[in-house]
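A short write-up of the structure that comes next.
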Amino acid sequence: MKSNLLVLAGTATIVASACSFTPREQAEGKFEYLEVGLQQQVEPAPNKKLPTPSNRFKVPEANQTGPLGKIVPVLAPTLVWPLANGSRLEESEQGAHIYFDEIEGMSNVEQYVWQGALQALRIRNVGIVEQEDRKRIVTDWLEESFTHGEDDDNVTIRRRIALNFDTAEHGRTTTIRSEVVEQQVDAENNVEVTPTYLAFRDQNAATAALNMVVSEIAITQMAGVAAVDDDGTVAVDMGFDEDGYPSIVLGASFGFTWGLMQEVLPELGFEVDDYNRELGRYYTIYGVKKSFWFSRNVDGKLELPRGDYEIKVTGDQKQTTVTLFRDGNPLSAAQVMQIFAPFAAEIRSQSSL
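Residues 0 to 352 in numbering that gives the first Met the number 0 are what the sequence shown lists, from first letter to last.
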């Protein structure tokens with residue numbers, strides 16, 4: 000008899016624990032607020048009068064509906080990270096989104112943000128199944144796995160996420176909005192995942208994809224790149240340096256450009272004989288290969304006479320100029336124009352982000 004009582008007690012415990020299981024994303028409690036209603040009229044106390052009615056404390060009707068009671072997800076959602084310079088949020092707006100405002104030194108915020116998104120997906124080997132230039136990107140399947148339910152069954156969700164881009168008419172602000180556009184769910188043992196919880200995880204996935212893009216843009220900014228071309232490389236143009244001399248202009252910081260020149264100059268045919276970073280100078284020989292015993296002529300990529308060249312690199316965090324001097328004189332605008340194409344091509348080749 001005693002053993003039978005123990006078996007019954009154990010069975011009752013198991014049944015009670017099974018009935019009391021609550022998924023960690025589900026709210027717990029009695030939810031008395033669901034039964035609360037509005038009192039239509041307040042009755043005054045005897046021999047008292049009510050004040051003149053007003054709508055001062057009236058609770059307005061909600062213009063949208065949402066989950067109530069135990070179906071309310073209680074887990075903290077993933078937040079958008081405004082890590083990049085010029086990025087910001089509008090808390091009053093729903094969904095995963097972020098704004099990028101044009102900052103000093105950024106010539107085209109729309110192009111910069113678009114290339115940042117492509118770069119983020121490319122580095123992480125995320126495929127693209129739909130692309131509309133500077134308007135929309137739809138990723139290939141992204142997979143997420145987690146355990147769910149009382150028995151910790153495995154659930155796998157595959158999603159395609161759309162990144163939608165919108166640039167204001169004035170051209171100084173670009174918005175990215177992220178959303179799940181396709182979804183496939185594979186649940187072990189057919190464990191139930193409520194639509195509310197699926198929507199919660201979809202929102203987190205869309206936010207994570209957006210954060211991936213924002214982080215990549217922030218990394219590009221930290222590297223000192225302020226402007227990019229259509230192919231995702233540093234923007235290069237012709238212009239003038241601080242002294243008014245014809246120069247090659249890069250949309251990047253001095254530190255980025257200085258290091259880049261160490262790769263670019265030898266590929267063009269310059270041999271760096273000495274340098275001074277404090278002065279922003281490379282002292283080079285063009286078209287000549289020097290060794291311990293002798294020197295020999297080599298073919299460079301530029302139409303320049305062989306000999307010594309001083310290369311001046313000056314700039315700030317947003318823009319840098321590269322000026323070439325021969326015999327103490329800067330190259331003319333015509334000479335800079337003549338060497339610009341191969342010089343810029345090598346910069347783009349070495350600066351692919």
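For glycine and all other residues, C-beta sits at the position ideal for the given N, C-alpha and C. Since the model is a prediction, treat every value here as computed from it, not as a measurement.
Query, Result
"Beta-bridge partners of residue 237, as assigned by DSSP", "247"
"Secondary structure of residue 177, DSSP reduced to three states", "strand"
"Residue 201, enclosing alpha helix (DSSP H) - first and last residue", "194-221"
"Integer-rounded CB distance, given that residue 159 should sit under 8 angstroms from residue 125", "Their Cβ separation, rounded to whole angstroms, is 11 angstroms, which puts residue 125 and residue 159 out of contact at 8 angstroms."
"Which residues DSSP lists as bridging residue 306, in chain order", "285"
"Length of the line joining the Cα atoms of residue 95 and residue 164", "12 angstroms"
"Secondary structure of residue 256, DSSP reduced to three states", "helix"
"Which of helix, strand or coil DSSP assigns to residue 342", "helix"
"Close-in-space but distant-in-sequence residues of the same chain around residue 166 (CB under 8 angstroms, 5 per side omitted)", "108, 109, 133, 172, 173 and 174"
"Among 103, 262 and 74, nearest to residue 199 - alpha-carbon criterion", "74"
"First through last residue of the beta strand (DSSP E) which encompasses residue 362", "Summary: the structure shown does not reach residue 362, with the chain confined to residues 0 through 352, and so no result is reported for it."
"Classification of residue 240 by the beta-carbon crowding that lies within 10 angstroms, buried from 16 upward", "buried"
"Residue 110: first and last residue of the uninterrupted alpha helix (DSSP H) it sits in", "108-122"
"Residue 144: first and last residue of the uninterrupted beta strand (DSSP E) it sits in", "141-147"
"Beta-carbon proximity check, residue 170 vs residue 103, cutoff 9 angstroms", "no"
"Close beta carbons around residue 76, own chain, < 8 angstroms, minus the five adjacent residues each side", "199, 202, 203 and 206"
"Bounding residues of the beta strand (DSSP E) (the contiguous stretch that carries residue 324)", "319-325"
"Three or more C-beta pairs below 8 angstroms linking the segment 178-191 and the segment 218-232", "no"
"Own chain, CB closer than 8 angstroms to residue 302, minus 5 neighbours either side, in chain order", "337 and 338"
"Close beta carbons around residue 99, own chain, < 6 angstroms, minus the five adjacent residues each side", "85, 86, 108, 112 and 173"
"Assumed close pair residue 247, residue 235 - CB separation to whole angstroms, cut-off 8 angstroms", "7 angstroms"
"Backbone secondary structure at residue 79 - three-state DSSP", "coil"
"Contact between the segment 342-349 and the segment 255-270 (3+ Cβ pairs under 8 angstroms)", "yes"
"Coarse secondary structure for residue 280, derived from DSSP in three states", "strand"
"Reference residue 282, options 340, 306 and 183, closest by Cα", "306"
"Burial state of residue 252 (16 or more Cβ within 10 Å)", "buried"
"For residue 156 and residue 188, the rounded distance between their alpha carbons", "15 angstroms"
"DSSP-derived helix/strand/coil call for residue 329", "strand"
"Reference residue 210; option with closest CA among 328, 78, 254 and 72", "78"
"Minimum C-alpha distance to residue 129 - residue among 121, 123 and 139", "139"
"DSSP state of residue 92 mapped onto helix, strand, coil", "coil"
"Residue 254 CB to nearest heavy atom of the ligand FMN below 8 angstroms", "The model depicted lacks the ligand FMN and carries no ligand whatsoever."
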